[in-house]
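What follows is a short report on a single structure.
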Amino acid sequence: MTESKALRALREAIVLEHVESQNDHDFDTSLNTFPHPRYEIMASGQVFEGVDAVRGYWQRTRAAFPDQRSKVIDVHHADDAVIIEFELQGTHLGSLIGEQVTGRSFKVRMVGFFLFDKDVLTCQRVYGDTATVMAQLGMLEVPEQF
28 MTESKALRAL REAIVLEHVE SQNDHDFDTS LNTFPHPRYE IMASGQVFEG
78 VDAVRGYWQR TRAAFPDQRS KVIDVHHADD AVIIEFELQG THLGSLIGEQ
128 VTGRSFKVRM VGFFLFDKDV LTCQRVYGDT ATVMAQLGML EVPEQF
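For the sequence shown, the numbering used here begins at 28 and goes up steadily by one.
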């Protein structure tokens, strides 16, 4: 295996361990996949920097969506990143930001960029469609046609 293929395989293994450990709510393992956790949510502009901030974000989202899971659909490689397409799903069983709990579920396709410096994960950057999630939870009315 060439060095680039080995690096690509190592990066992909890190990303898949990261995703699966989040699915299992094993945040210690997720946090150990990068030495200085940084989590960016592009739809809201939120940035969580450091172990406590990232862990706190994950704990808050799992309190609101205790069954939240990411199903990896496809994995792509770039020079300094592993990019995954995934389906995020969960059930709204707790309040995230003071909203009324709906008990409804959502399922939405998203993209995650896992940025690397050689073999070190430096950032997880997530792109997603918040409006679709809110509509599926009954928090946003979307007309059938525009």
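Where a beta carbon is used, it is the ideal one built from N, C-alpha and C, also for glycine.
With fewer than 16 other Cβ atoms inside 10 Å of its own Cβ, A158 counts as exposed. In the structure shown, I124 falls within a coil segment according to DSSP collapsed to helix, strand and coil. Shown here for F75: same chain residues with a beta carbon closer than 6 Å to its own, the five before and five after excluded, namely Y66, V81, Y84 in chain order. Counted as a single uninterrupted DSSP element, the stretch harbouring Q86 is not any beta strand (DSSP E) but the alpha helix (DSSP H) occupying residues 78-91.
For I100, same chain residues with a beta-carbon under 7 Å away, outside a window of 5 residues either side, are E112, F113, E114 in chain order.
By the Cβ criterion, the region 54-64 is not in contact with the region 160-173, since fewer than three pairs of Cβ atoms, one from each stretch, lie closer than 8 Å. Distances from the CA of H63 to each of E168, Q151, D156, G155 were compared; the closest alpha carbon is that of Q151. Per DSSP, the unbroken beta strand (DSSP E) holding V153 starts and ends at 147-154. Inter-residue distance for D53 and D94 is about 13 Å (C-alpha atoms, whole angstroms). Counting C-beta atoms within 10 angstroms of its own C-beta, V169 has fewer than 16 neighbours from the protein chains shown and is therefore classed as exposed. Between F140 and R38, the C-beta spacing is not below 9 Å. Straight-line spacing of the CA atoms in D156 and M69 works out to 10 Å.
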